Amino acid sequence: MPGLSLITLNIANPSVDRAAKQLEWLAARPEEILVLTETKASDGCRHLADAFRTAGYSVSYPEPQPGEYGVMIVSKLATQPDQINDALTYLPTRAAGVVVTTDRGPVRVLGAYVPSRDASPEKVERKRRWLAEFSTALGTAQTPALFLGDLNVLEPDHNPHYSFFQRFEYDFYRALTDQHGLLDAYRHLNPEDIDHSWVGRTGDGYRYDHAHCTKDLAAELAGCRYVHEPRLTRLSDHSALTVRLTRSGTSPLLTSDPVEATSPPTLF
Numbered sequence: 606m607p608g609l610s611l612i613t614l615n616i617a618n619p620s621v622d623r624a625a626k627q628l629e630w631l632a633a634r635p636e637e638i639l640v641l642t643e644t645k646a647s648d649g650c651r652h653l654a655d656a657f658r659t660a661g662y663s664v665s666y667p668e669p670q671p672g673e674y675g676v677m678i679v680s681k682l683a684t685q686p687d688q689i690n691d692a693l694t695y696l697p698t699r700a701a702g703v704v705v706t707t708d709r710g711p712v713r714v715l716g717a718y719v720p721s722r723d724a725s726p727e728k729v730e731r732k733r734r735w736l737a738e739f740s741t742a743l744g745t746a747q748t749p750a751l752f753l754g755d756l757n758v759l760e761p762d763h764n765p766h767y768s769f770f771q772r773f774e775y776d777f778y779r780a781l782t783d784q785h786g787l788l789d790a791y792r793h794l795n796p797e798d799i800d801h802s803w804v805g806r807t808g809d810g811y812r813y814d815h816a817h818c819t820k821d822l823a824a825e826l827a828g829c830r831y832v833h834e835p836r837l838t839r840l841s842d843h844s845a846l847t848v849r850l851t852r853s854g855t856s857p858l859l860t861s862d863p864v865e866a867t868s869p870p871t872l873f
């Protein structure tokens with residue numbers, strides 16, 4: 606389909622074997638930009654990054670410190686670095702950003718993997734601090750932007766409702782629109798639908814993975830939906846989320862099949 610298309614997937618810091626399976630799935634997807642969350646400085650994540658780079662893709666992969674997590678942005682379009690990482694001092698690799706050119710001007714593509722938490726004060730404060738610093742770094746949207754990733758945050762009227770989420774988490778979701786000028790793309794196109802990107806052992810669903818866009822891009826939204834195949838086939842414990850705009854990228858790279866790029870050469 607024509608238009609600028611993106612997909613976000615929590616890849617759950619895969620082993621090399623699972624990364625190879627994820628690579629096959631991702632390589633077959635039609636989206637031009639992949640926002641991959643829950644990366645680590647691991648062999649599995651490096652396998653993905655190396656395969657895409659070898660195949661000619663643009664890869665933004667700020668490697669996290671040992672034990673930490675991050676984001677990888679892979680693109681079939683030429684990219685320029687975005688300044689979001691420079692503005693973060695706390696857990697900076699949990700966000701990444703690039704700028705792509707389109708037939709209607711530049712677009713920022715931002716990805717994030719927000720820290721999860723349990724009930725411990727340390728984990729609560731960790732998440733609160735990161736959200737506050739990221740919110741400051743995000744500022745008010747000046748350039749058309751798409752913001753995707755695993756936010757570990759639910760919309761305030763999420764169905765079902767979970768009582769353990771705190772006010773600061775819902776405030777962050779609200780601020781994406783009220784303060785930063787970003788709309789929830791899925792909710793904008795599907796105001797009444799109920800869908801989830803992560804399902805717990807008890808069968809309870811959570812819409813953790815999101816795609817937001819600046820209000821000037823809302824009229825260009827041509828689709829936004831969850832793709833459950835990765836979760837159902839256990840490529841990940843998350844579903845993917847895809848979004849498409851009517852504008853088109855203008856700087857395609859010469860890319861090849863990343864699966865073939867990682868295959869050993871044959872003798873014949």
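Here the numbering used here runs 605 ahead of the position in the sequence shown, where the first position is 1. All C-beta atoms in this analysis are idealised placements derived from N, C-alpha and C, irrespective of residue type, glycine included. Everything numeric in this text was worked out from a predicted model, so none of it was measured.
The residues Thr-855, Ser-856, in chain order, have a CB closer than 6 Å to that of Thr-706 in the same chain once the five nearest residues on each side in sequence are set aside. In this structure, the CA atom of Ser-721 is about 20 Å from the CA atom of Cys-650. The Cβ atoms of Thr-847 and Val-832 sit closer than 8 Å to each other. Between Arg-733 and Phe-773, the CB-CB gap stays under 8 Å. Across the set Glu-636, Asp-655, Asp-842, the C-alpha of Asp-655 shows the shortest separation from the C-alpha of Val-621. Taken through DSSP and simplified to helix, strand or coil, Glu-643 comes out as strand. Separation of the CB atoms of Thr-642 and Tyr-718 is rounded to 4 Å, and the pair is thereby assigned contact status at 8 Å. For His-815, the enclosing beta strand (DSSP E) has its first and last residue at 814-819.
Contact between Leu-614 and His-843 holds, with the beta-carbon distance rounding to 7 Å and staying under 8 Å. By the Cβ-count criterion, His-817 is buried, with 16 or more other Cβ atoms from all chains shown falling within 10 Å of its own Cβ.
In the three-state reduction of the DSSP assignment, Tyr-674 falls in the coil class, being assigned neither a helical nor a strand state. Residue pairing by DSSP places Arg-713 opposite Val-704, Ala-750 in a beta bridge. Here Ser-665 has Ile-678, Ala-701, Val-703 as same chain residues with Cβ atoms under 6 Å from its own Cβ, once five neighbours each way along the sequence are excluded. Within the region 612-669, complete beta strand (DSSP E) segments of at least 3 residues are found at 638-644, 663-665, given in chain order. Membership of Leu-850 in the beta strand (DSSP E) is indicated by the continuous run 845-850.
Here Thr-741 has Ala-692 as same chain residues with Cβ atoms under 8 Å from its own Cβ, once five neighbours each way along the sequence are excluded. By the beta-carbon neighbour count (other beta carbons within 10 angstroms, threshold 16), Ile-616 is buried.
Around the beta carbon of Asp-648, a 10 Å sphere encloses fewer than 16 other beta carbons of the protein chains shown; the residue is thus reported as exposed. Taking C-beta atoms as the reference points, Arg-792 and Ser-802 fail to come closer than 8 Å.
Take the alpha-carbon of Val-864 and the one of Gly-828: they are about 28 Å apart. Rounded to the nearest angstrom, the gap between the Cα atoms of Gly-786 and Ser-725 is 32 Å.
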